[in-house]
Structure formats: structure tokens, C-alpha cells
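Asks: This is the structure I want to talk about, given as C-alpha cells.
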Amino acid sequence: MRSDLCLVMDQGSHSSRAMVFDRSGNCLSQGQVQVKTRFTQPNRAEQQPDDIVISLKRAALEAVSKLKREDRSKLRTAALITQRSSMLCWDADNGKPLTPIISWQDRRGFHYIDDLMPLASMLRQLTGLYPNAHLPASKLRWCMEHMTFNTAKHRVRGGPVAAWLIKQLVHEQPDLIDGVTAARTMLFSLKDRDWHPELLDLFKLPDSLLPKVRPSKYNFGTLKLPGLSLPLNFVSGDQAAALFAFGEPSQDNLYINLGSGGFMNRVLSERGLHPQERILHHLILSDKQPLYSAEATINGAANALDWAFNICRPDTHDIDSWAEKCTDPPLFMNMVGGVGSPYWQSLERPCWINDCNDPEARLVAVMESIVFLIYRNIKAMSSLPPAKQIIIGGGISRLNSLCQRVADLSGLPVQRYEQQEITSLGAAWQVLPNSVRDIQPEKTFHPEANERLEQRYQSWLEAFHDHLSSLE
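Dropping the structure here:
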């Protein structure tokens, strides 16, 4: 039996992490370094590029240093996972950053998106995406118009943060990006699986700006860290990698990953099968045989709970116990970070309806709003063949009350797994040969009749539509 190990580096919103996995999916060691995002102005969120790459290297070295000596020699390969919509510009010759990292949470380019809304149908046909300002295309245009680049001194390159991290992390310093992350820019043709000239023209971007597109599984170069030399053989976006955590993604499953934001995915049988109601159509594996999914997004998940905790300041953090005793919570209009699918509203106007002064009830309402947005997106995916079960993961999936409510509203069993680092595990499966995948769910939530919850959902849906209409 082979004993190969894999190092997975995962650059996220709150931290850079690195984990070492064996062929059975066991995490042998890990390292983590916190990172900061600066919210400098409304609609703006930035990170310092050097801080991010240093944190990722430190996390990787920490994970490797925790391995037993005999295990270090078994490291064979590395993978890199990043936020799909964070971006920056850099010098193509030396890799020095020319802008901050503009976070996926940043929406400074929303004016460009507003101007292109009459072309939404065409953009969706080409890219599978519904136009929104979280995506890198509008941010790249903003950089081209507002940042002063000395083009006589610098060959400017720009694109997703993954491309810059590849250049910083590997010895060869290429300007490359994987197809999955490229597909999230709104500059990439799903049909051609490459940058599309018409899309570049729409956003007034030169074709020399972007890195070259490569498959997810590709030799991107040799990872350069002190005392460590590994081929970087897999690069992908965080949500796409998470779908592979428990084996090959199945068309029978609805996959939900609840981190700062939430993402819901159904694997599609073919590229041309478009879901209805402004759900995204996305590439989840860029390879000789690509895989596609229908993807729904929830902007306010863990970050909505964080926002509410900061306002309500309860004495404890026990949402599950509050949910048991709170039978009639208020309704929360979850617009933390704007609203994702199927509404695509960039304004942030969160508030409680039928409010009360009970901080515990208010937080239960926020938790339920996440459930309601999940169910609203399940309805938006109704043109697809019905799912047979839900696979749920991410930090706030540890809330039993949330998982049970998702099961009750959807009428589907909800499986939750013990392994929380599903993004890193999904990446590890892609690069470890002959992996042994035998991971069982930690808990299954079976649907129960819940008439009160169904009534609250209908009341919430009506109030939410009224709230959105009032902002137009």
C-alpha cells in the first residue's frame, strides 16, 4: 500500500491554513495563521498581498514541522485552494503586487455591472454567471481606470489571487490560473474554456492582462519553501474543491457549504442544462472531462451571525438551546453582504421585522433566515431533477437547529460529516493516487413535520420581497 502524503494550502477570508493528508483522508497535521481584511470604505474590502503570501508559507511550514520525521519523507505533492473572486494586479516580471488584494467581499465596481445589466442574458449564456460586483471582472476594470500603473516600468498582470499566489509560491514563477477559478471572473467562456475576447472588450481590458488558463490538475511548478520541494499539482476554488470531499460529486445530492457565505451546488449532467431563476452555472473541475454544477449563493451565513452577535451582544453563544425555547422569533431580512441568488441585490439593508428586545430571539431569527434563503434557492433549482439528500458542511453546519430546519423545510435527509475541513479534503483527493474514501456521516437529520416553520417561511418570504421592493 502506498503511503503518499499531500500538503494542501487553503487561503481563506479569516486565515491561511495548511493541512497534510494521507490516502485515507486523515489529517496528520495542520497549521493556521490568521489574516486581516480591511473594510476601508463602503463597498470596499482589501487585504495586504505580502501578508497573505507570508501567512500561507508560515501555515505550510507549521503543518510540515508538526509531522513525524518519517512522515515528512512521504510528502509527494501539494495543492492550492483559494477564494475564487478575490483579485489583484502585479508586475509580470518580478511578481511584485501593484494593488492590494481586492477581496471577494468588495463591490467597488458595481457601477460597471449596473451599466451591463441589459446584457445579462448574453453574459450568462457565455459565462454561466449572473452579473454581480463580487466577481473580478468589474474590479479589474476599476483597477485599470483608477490605479496609476507605470507601463514603461511594469508589465501589468491582473487576475484572481490564486494566479499571484502560484507565482509567489513556485520556483518557476509562471503566470497561470486554473480553469475553475478563471470561470469565476465573468471573463471566461464555459464553451471554449478560455478567456473570451468579447468579454474582455466589454470590460475594456487588454488581453495581455490575464494569466494563461490551465486545467485544475496540472503541474503548476515546484513549491519553494525552506527544506521543502513539492510539485504543485492541483489548483482550484474553495467551493468547487469542497464538492469532492466525500467522493465523486453525485447528481442525486444537494451540497451545501456554510462558511462566511453559503454555497449550494447540484452537479449537472451536461454543460447545456441551464437551471432557472438566475442560479449560476459553474465549472467545478477543469479537466479533459470537465464537471459543471448549478450553484446558488447566500451572502449572509456565518458573517450574518457575526454581525448580529456584535449588535445583540448576548451573554452566551448557544443558538441551539435558544432555538428550542424560542417558538416565535422575529423575521430577519438577511442582507448582510447584500443578497445572492436568486435576487442579486448589492445593497446591505439587514433588519428585523416584528422585532423584540430579546437578543436570543433575534439571533434565532438570523439563523432561520439562513435556512429560509437555503430553501428559497432549493425552490429556484426546481427545474433540475429532484435531489435525494443534502450533504452539509462548513462551520455553522455544527448548529443542529439549522440542519434540522433545513431537513424539515426541504423534506430531504440532511447528512453532516465530522470532517469540517471539507475544502482541503476535497483537494487532497484530487492529487493522492488510489485514495481510500470511506468517510461516513457523523449525523443524519431526518425531515419532520413542522407547520410553524413553514408558516414562518411564508411570512418571511412575503416580508423579504416587500423589503427588497422598498429599496428599488
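Quick note, the sequence shown lines up with residues 782 to 1253 if you use our numbering. Positions of the beta carbon are idealized from the N, C-alpha and C atoms, including for glycine. Here the structure is a predicted model, which means the values were calculated and not measured.
1) Could you have a look at THR858 and say whether DSSP puts it in helix, strand or coil?
2) Between the beta-carbon of GLY1118 and the beta-carbon of GLU1129, is there less than 8 Å?
3) Rounding to the nearest angstrom, what Cα-Cα distance links PRO878 and PRO830 in this structure?
4) Report the partner residues of SER1017 according to the DSSP bridge assignment.
5) Got a sec? Which residues, its chain only, sit under 6 Å from ALA1023 by beta carbon, not counting five neighbours each side?
6) Cα separation between ASP874 and PHE802?
7) Tell me whether the segment 977 to 986 and the segment 1026 to 1044 touch, counting them as touching only if at least three CB pairs, one residue from each stretch, are closer than 8 Å.
8) Identify whether ALA1142 lies in helix, strand or coil by the three-state DSSP scheme.
9) Considering THR962, what are the terminal residues of the alpha helix (DSSP H) in which it resides?
10) Quick one: what does DSSP say ASP1033 is sitting in, helix, strand or coil?
11) Check whether the segment 1013 to 1030 touches the segment 1066 to 1079, counting contact only when three or more Cβ pairs, one atom from each stretch, lie closer than 8 Å.
12) Give me the Cα-Cα distance between SER1050 and ASN931, rounded to the nearest whole angstrom.
13) Note the first and the last residue of the continuous alpha helix (DSSP H) segment covering ASP872.
14) What first and last residue would you give for the alpha helix (DSSP H) that runs through GLU1223?
15) Note down, one range per segment and in chain order, each beta strand (DSSP E) of at least 3 residues found wholly within the segment 1044 to 1112.
16) Determine the direct distance from the alpha carbon of SER1178 to that of LEU990, and round the result to whole angstroms.
17) Answer with yes or no whether the minimum CB distance from LEU1206 to chain D is below 8 Å.
18) Identify whether MET782 lies in helix, strand or coil by the three-state DSSP scheme.
19) Going by alpha carbons, who is nearest to GLN811 out of LEU848, ASN824 and GLY793?
20) Report all residues from its chain with a CB closer than 7 Å to the CB of SER1240; omit the five preceding and five following residues, and keep chain order.
21) Mind checking who PRO941 pairs with in its DSSP beta bridge?
22) Could you check what DSSP says for ASN1158 in three-state terms: helix, strand or coil?
23) GLY890 and ARG922 - do their beta-carbons sit closer together than 8 Å?
24) Could you spell out the range, first to last residue, of the alpha helix (DSSP H) harbouring GLN1185?
25) How should ILE1092 be labelled, buried or exposed, when 16 other C-beta atoms within 10 angstroms of its C-beta is the threshold for buried?
26) Compute the Euclidean distance between the alpha carbons of ALA1146 and THR1097, then round it to the nearest angstrom.
27) Using three-state DSSP, classify TRP1125 as helix, strand or coil.
28) Taking 8 Å as the cut-off, decide whether the C-beta atoms of CYS924 and GLY939 are in contact.
29) With the cut-off set at 8 Å, would you say VAL1187 and VAL1152 are in Cβ contact?
30) Report the CB separation of ILE1220 from PHE1027 in whole angstroms; it is logged as a contact under 8 Å.
31) For the alpha helix (DSSP H) that contains ALA1244, what are its first and last residues?
32) In whole angstroms, what is the alpha-carbon distance linking ASP832 and GLU1223?
33) Quick one: what's got a C-beta closer than 6 Å to GLY1175's C-beta in the same chain, skipping five residues either side?
34) Which one of ILE1172, LEU809, THR908 and ASP1189 has the shortest CA to CA distance from TYR1198?
35) Buried or exposed: GLN949, going by 16 or more other Cβ atoms within 10 Å of its Cβ?
Replies: Well, looking at it:
1) It is a strand residue.
2) Cβ atoms of GLY1118 and GLU1129: closer than 8 Å.
3) Our two residues, PRO878 and PRO830, have alpha carbons roughly 7 Å apart in a direct line.
4) For SER1017, which the question treats as bridged, DSSP gives the partners ILE862.
5) Setting aside the 5 residues that flank it on each side, ALA1023 is surrounded in the same chain by ASN1038, ILE1203, THR1204 and GLY1207, each with a C-beta closer than 6 Å to its C-beta; the list follows chain order.
6) Computed Cα separation, rounded: 34 Å.
7) Under the Cβ criterion (8 Å, minimum of three pairs), the segment 977 to 986 does not count as touching the segment 1026 to 1044.
8) ALA1142 falls in the helix class under three-state DSSP.
9) First-last of the alpha helix (DSSP H) with THR962: 960 to 963.
10) Coil, per DSSP.
11) With the cut-off at 8 Å, the segment 1013 to 1030 and the segment 1066 to 1079 touch.
12) Going from the Cα of SER1050 to the Cα of ASN931 covers about 47 Å.
13) Element bounds for ASP872: not the alpha helix (DSSP H) but the beta strand (DSSP E), 868 to 872.
14) It is not in any alpha helix (DSSP H) - GLU1223 instead sits in the beta strand (DSSP E) that spans 1222 to 1226.
15) List check, beta strand (DSSP E) in window: 1061 to 1066 and 1072 to 1079.
16) Rounded to whole angstroms, LEU990 to SER1178 spans 39 Å at the Cα level.
17) The displayed structure is made up of one protein chain only, and chain D is not part of it.
18) For MET782, the predicted structure reports a pLDDT of 43, less than 50, and the residue's modelled location is therefore unreliable. The matter cannot be settled from this model.
19) Cα-wise, what sits closest to GLN811 is LEU848.
20) Leaving aside the five residues that flank SER1240 on each side, the residues in its chain whose CB is nearer than 7 Å to its CB run, in chain order, LEU1112.
21) Bridge partners of PRO941: MET868.
22) In the structure shown, ASN1158 sits in a helix (DSSP, three-state: H, G or I).
23) At a Cβ-Cβ threshold of 8 Å, ARG922 and GLY890 count as neighbours.
24) Boundaries of the alpha helix (DSSP H) around GLN1185: 1181 to 1191.
25) Exposed, since its Cβ has fewer than 16 Cβ neighbours within 10 Å.
26) Their backbone Cα atoms lie some 16 Å apart in a straight line.
27) In the structure shown, TRP1125 sits in coil (DSSP, three-state: anything other than H, G, I, E or B).
28) Result yes, Cβ atoms of CYS924 and GLY939 sit closer than 8 Å.
29) Yes, Cβ-Cβ distance for VAL1187 and VAL1152 is below 8 Å.
30) Separation of the CB atoms of ILE1220 and PHE1027 is rounded to 6 Å, and the pair is thereby assigned contact status at 8 Å.
31) Where ALA1244 is concerned, the enclosing alpha helix (DSSP H) stretches over 1232 to 1251.
32) Near 36 Å, if we compare the C-alpha coordinates of GLU1223 and ASP832.
33) Taking GLY1175 as the centre and dropping the five residues before and after it, the same chain places the C-beta of ASN1038, LEU1039 and GLY1040 closer than 6 Å to its C-beta, in chain order.
34) It is ILE1172.
35) With 16 or more other Cβ atoms within 10 Å, it is buried.
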